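Under the numbering used here, read the sequence shown as residues -19 to 196, first letter to last. This report refers to the structure that appears directly beneath it.
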Amino acid sequence: MLPSVAGALIQRSNGIGKSMNKKKKTIKYQWHPILLHIFNNIHFQHLLAEVNAPVRAKPSLYRAPVLYTLSSDTYRNQDEEIRLISCPLLMVSLWPCPDKPPSEALCIKQNLSDDEVEYFIISELLRLICFSSEPDPYMCENLRRLINQTISTTVRFSFFGKKNLSQTFFGQQIGLTREQMSHGASYLRNKRISGKRYSKSAININIFDETFSHDS
-19 MLPSVAGALI
-9 QRSNGIGKSM
1 NKKKKTIKYQ
11 WHPILLHIFN
21 NIHFQHLLAE
31 VNAPVRAKPS
41 LYRAPVLYTL
51 SSDTYRNQDE
61 EIRLISCPLL
71 MVSLWPCPDK
81 PPSEALCIKQ
91 NLSDDEVEYF
101 IISELLRLIC
111 FSSEPDPYMC
121 ENLRRLINQT
131 ISTTVRFSFF
141 GKKNLSQTFF
151 GQQIGLTREQ
161 MSHGASYLRN
171 KRISGKRYSK
181 SAININIFDE
191 TFSHDS
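Now the structure itself:
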């Protein structure tokens, strides 16, 4: 056998051995920090159904594509592959176990920037309004405040052409008057006065140890 051919075979054989001995990475799921930030906002919590609502127990709710991106820590860690769940926010917020996708979920890898994740979330939230023939002022005011408080100024300006969404402007975009938006704000104030409190979930570390404070 020619020396060059023999050397190539030995090199290939060594490569196969190394690949067979390579340890398989442990896969871990976490929420993307942007999703976590929005989920933990009081105005998103106002939109969620009660934890024990019967509809939340239906597995069919989770049968949808889920986009994830790899954490930068994955490339520095030889043992773990950390997958950051990026969207859809509304569906994954109902998962029984936040850091473990249900078997019904179809997880798809995508390279997404932070801005792209925020674009997905804004579009998802606005679709809630588009599928209502008569937008609910309470829900719309919640969404307006949620977007103002959690979406970056850069993305808000790129999406809406405004750095801050006023009641008048947001109402015009969704078909409500400023008076109707103000009515939704009044309902929010009354809800806060009622004393209902929400547990703040630090989902990525599975600890439920904080309480929301209202941020107008």
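We put the beta carbon where it would ideally sit given N, CA and C, even for glycine. Keep in mind it's a predicted model, so treat the numbers as computed, not measured.
Report the rounded CA-to-CA distance for residue i versus residue j, giving the unit in angstroms.
{"i": "Phe139", "j": "Pro78", "result": "29 Å"}
{"i": "Lys38", "j": "Pro76", "result": "10 Å"}
{"i": "Tyr167", "j": "Tyr9", "result": "37 Å"}
{"i": "Leu106", "j": "Arg169", "result": "23 Å"}
{"i": "Lys4", "j": "Phe111", "result": "45 Å"}
{"i": "Asn144", "j": "Asp59", "result": "43 Å"}
{"i": "Gln153", "j": "Trp11", "result": "30 Å"}
{"i": "Arg43", "j": "Arg56", "result": "32 Å"}
Looking only at its own chain, which residues have a Cβ that is under 7 Å from the Cβ of residue i, when we skip the five neighbours before and after it?
{"i": "Lys142", "result": "Arg136, Phe149"}
{"i": "Arg7", "result": "Checking the sequence shown, residue 7 turns out to be Ile, not Arg. Answer for Ile7: Glu61, Arg63, listed in chain order."}
{"i": "Ala33", "result": "none"}
Thinking C-alpha only, which one of the options is nearest residue i?
{"i": "Thr49", "options": "Leu106, Lys4, Ser66", "result": "Ser66"}
{"i": "Asp116", "options": "Met161, Lys5, Tyr99, Arg43", "result": "Met161"}
{"i": "Asp95", "options": "Thr133, Ala165, Leu41", "result": "Thr133"}
{"i": "Asn20", "options": "Arg63, Gln153, Gln129, His163", "result": "Gln129"}
{"i": "Leu41", "options": "Met71, Asn144, Ile109", "result": "Met71"}
{"i": "Ser52", "options": "Leu27, His26, Ser93", "result": "Ser93"}
{"i": "Pro13", "options": "Glu98, Asn91, Ser166, Arg158", "result": "Glu98"}
{"i": "Glu114", "options": "Ile22, Gln25, Lys5, Gly155", "result": "Gly155"}
{"i": "Leu108", "options": "Ala33, Gln58, Leu27", "result": "Leu27"}
Within the same chain, show all residues whose beta-carbon is closer than 6 Å to that of residue i, passing over the 5 residues directly before and after it, in chain order.
{"i": "Leu15", "result": "Leu69"}
{"i": "Pro45", "result": "Leu86, Ile88"}
{"i": "Arg158", "result": "Gln147, Thr148, Gly151"}
{"i": "Phe24", "result": "Ile18, Leu126"}
{"i": "Tyr118", "result": "Gly164, Tyr167"}
{"i": "Ile201", "result": "What the structure shows of the chain is the stretch from -19 to 196, and residue 201 is not part of that stretch, so it cannot be assessed."}
{"i": "Thr54", "result": "Glu61, Ile62"}
For the beta strand (DSSP E) containing residue i, name the first residue and the last one.
{"i": "Pro13", "result": "Run containing Pro13: none in the beta strand (DSSP E); it sits in the alpha helix (DSSP H), 13 to 19."}
{"i": "Leu200", "result": "Nothing can be reported for residue 200: it is not among the residues displayed for the chain, which extend from -19 to 196."}
Just curious, the alpha helix (DSSP H) that residue i is in, first and last residue?
{"i": "Pro117", "result": "117 to 130"}
{"i": "Val72", "result": "69 to 72"}
{"i": "Tyr42", "result": "Looking at the DSSP string, Tyr42 is not in any alpha helix (DSSP H), and its letter there is neither H nor E."}
{"i": "Cys110", "result": "94 to 110"}
{"i": "Ser138", "result": "133 to 140"}
{"i": "Thr148", "result": "147 to 154"}
Among residues of its own chain, excluding the 5 on either side of residue i, which ones have a beta-carbon nearer than 8 Å to its beta-carbon?
{"i": "Glu104", "result": "Cys67, Pro68, Leu69, Leu70"}
{"i": "Gln90", "result": "Leu47, Tyr48, Thr49, Ser66"}
**Prompt:** Between the region 79 to 88 and the region 119 to 136, do at least 3 Cβ pairs fall closer than 8 Å?
**Reply:** no
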